[in-house]
Amino acid sequence: MATIDAGKYKSSPIHIPNPHVQGMTEDVLYHLALGTNSHDLPSMFGDLKFVCVGGSPRRMEKVALYMADALDIDIPTGMALNNIGHGKARYAIYKVGPVLAISHGMGRPSMSIMMHELFKLLHHAGCTGVTLFRVGTCGGLGLEPGSVVVTEEALSPLLQPSYDQIILGNVVSRPCVLDKDTANDLMGCASTEDEFATVKGKTMSADDFYEEQGRLDGALCNYTEDDKMAYLKRAHDLGVRNIEMEAVCFAALSHAVQLKGAVACVTLVDRLKGDQITSSAKDMEEWQMRPQKLVARYIRKNLGLP
Ligand code: R2B
Ligand code: URA
């Protein structure tokens with residue numbers, strides 16, 4: 001498995017390994033409702049240093065508002081944050097100072113489209129030294145709901161650190177590599193005074209919420225509770241502490257373009273105890289802010305803010 005030399009990520013421009021992109025006279029980032037000829041991407045986005053991605057559009061608006069507050073960035077009273085895609089994009093996109101918050105939907109097909117266009121956006125805008133974060137939700141393994149897991153390694157449902165895609169009829173496997181320093185630095189942003197636990201662990205990403213995550217409560221299920229528990233226990237014994245749907249894609253694609261990235265997700269349920277998500281809406285609303293609390297502290301530190 002390749003290891004990351006964090007130094008090489010420091011301030012190099014975003015590397016797009018696709019040679020065809022260099023020859024294009026126009027690049028339409030269709031799902032972001034942005035383009036190289038229709039928008040001045042360097043002036044709109046050139047100062048970005050941090051990108052937070054997460055599943056739901058509404059949560060990413062809250063992330064952006066939270067970052068504005070945490071970084072003392074004024075949003076004039078009565079002014080809403082600007083959703084840059086103006087409802088024409090498939091994803092919600094907000095910019096507050098050096099931070100971009102963008103939604104990715106559920107699962108890897110949706111995330112992968114967003115990541116391709118995000119990387120090209122950062123490249124066309126001339127951004128350097130960008131760090132990515134996925135802030136999300138997940139099911140935990142053996143953790144109190146509301147705990148935050150910082151991913152040390154992302155695994156497929158085969159429990160392998162690999163992201164497999166079918167490209168031109170062949171299976172192409174890309175390694176899932178996350179920058180260890182960024183994960184450790186994010187762990188260092190947890191405080192003993194936090195009202196929640198933050199743990200480091202492996203993250204398993206499935207392509208489905210029900211059967212691929214070993215749930216018994218989907219519309220279909222042809223395995224027993226013992227089968228389910230044996231699978232979850234095998235994952236737990238390998239160090240898996242949470243299950244979600246995007247970390248493998250995030251890790252493999254960000255590594256392929258040499259961007260540093262980290263994943264922090266809050267657990268909504270302990271999958272060793274059950275499948276249904278039954279916590280109150282109020283609790284879950286508060287829990288979902290937790291990953292971005294750590295990321296905001298990381299960003300403040302990296303910007304040299306006290
Ligand atoms: C976590 O939550 C979503 C499924 O409910 C999915 O996007 C994920 O990774
Ligand atoms: N998201 C998931 O993918 N799985 C869970 O169990 C909870 C949230």
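So in full-length UniProt numbering, spot 203 of the sequence shown is number 203, and the numbers just go up one at a time.
Don't be surprised by glycine CBs; every beta carbon is placed ideally from N, CA and C.
| How about A206: is its Cβ closer than 8 Å to a heavy atom in the ligand URA? | As a first step, residue 206 must be located in the sequence shown, where it is residue number 206. Under cutoff, so the answer is yes.
| query | What are the boundary residues of the alpha helix (DSSP H) that includes Q292? | reply | Translated into positions along the sequence shown, residue 292 becomes position 292. Where Q292 is concerned, the enclosing alpha helix (DSSP H) starts and stops at R290 to N302.
| query | What's the gap between the Cα of residue 320 and the Cα of T267? | reply | Because the chain spans 1 through 306 in this model, residue 320 falls outside it and cannot be assessed.
| query | Nearest CA to the CA of C221: which residue from A230, Y210 and Y231? | reply | Here residue 221 refers to the residue found at position 221 of the sequence shown. Restricting attention to A230, Y210 and Y231, the CA atom closest to the CA of C221 is found in Y210.
| query | Rounded to a whole number of angstroms, what is the C-alpha to C-alpha distance between L32 and G54? | reply | In the sequence shown, residue 32 corresponds to position 32, counting from 1. In the sequence shown, residue 54 corresponds to position 54, counting from 1. Their backbone Cα atoms lie some 15 Å apart in a straight line.
| task | Return the chain-ordered list of same chain residues with a C-beta closer than 8 Å to the C-beta of M1, the five sequence neighbours on each side being excluded. | result | Start at 1 with the first residue of the sequence shown, and residue 1 comes out as number 1. Bear in mind that a pLDDT of 36 at M1, under 50, signals an unreliable position, so the number given afterwards is only what the model happens to contain. So the list reads P161, P175 and V177, once near-sequence residues are dropped.
| query | Can you tell which of Q22, V248, G146 and H124 has the C-alpha that lies nearest to the C-alpha of K282? | reply | Taking the first residue of the sequence shown as position 1, residue 282 is located at position 282. K282 has its Cα closest to that of G146, out of Q22, V248, G146 and H124.
| query | Under 9 Å between the Cβ atoms of R134 and C265? | reply | Numbered from its first residue, the sequence shown carries residue 134 at position 134. Numbered from its first residue, the sequence shown carries residue 265 at position 265. Contact: yes.
| message | Using C-beta distances below 6 Å, list every residue in its chain close to K88, excluding the 5 sequence neighbours before and after it, in chain order. | response | On the sequence shown, position 88 is the one that residue 88 refers to. Cβ within range, chain order: A33.
| Based on the DSSP secondary-structure assignment, which residues constitute the bridge partners of G154? | For this step, residue 154 is matched to residue 154 along the sequence shown. The question names Gly, but residue 154 is Ala in the sequence shown. According to DSSP, A154 bridges with T203.
| Chain-ordered residues, beta carbon under 7 Å from a heavy atom of the ligand R2B | That gives G55, M106, G107, G136, T137, C138, F209, E244, M245 and E246.
| query | Given 8 Å as the limit, is there contact between the stretch 62 to 71 and the stretch 17 to 29, that is, 3 or more CB pairs closer than that? | reply | The stretch 62 to 71 is not in contact with the stretch 17 to 29.
| task | Identify whether L186 lies in helix, strand or coil by the three-state DSSP scheme. | result | Here residue 186 is taken as the residue at index 186 of the sequence shown, counted from 1. Helix at L186.
| Are there 16 or more other CB atoms within 10 angstroms of the CB of G23, so buried, or fewer, so exposed? | Translated into the one-based positions of the sequence shown, residue 23 becomes position 23. Per the 10 Å Cβ criterion, exposed.
| A92, DSSP secondary structure in three states | Mapped onto the sequence shown, residue 92 falls at position 92. It is coil, neither helix nor strand.
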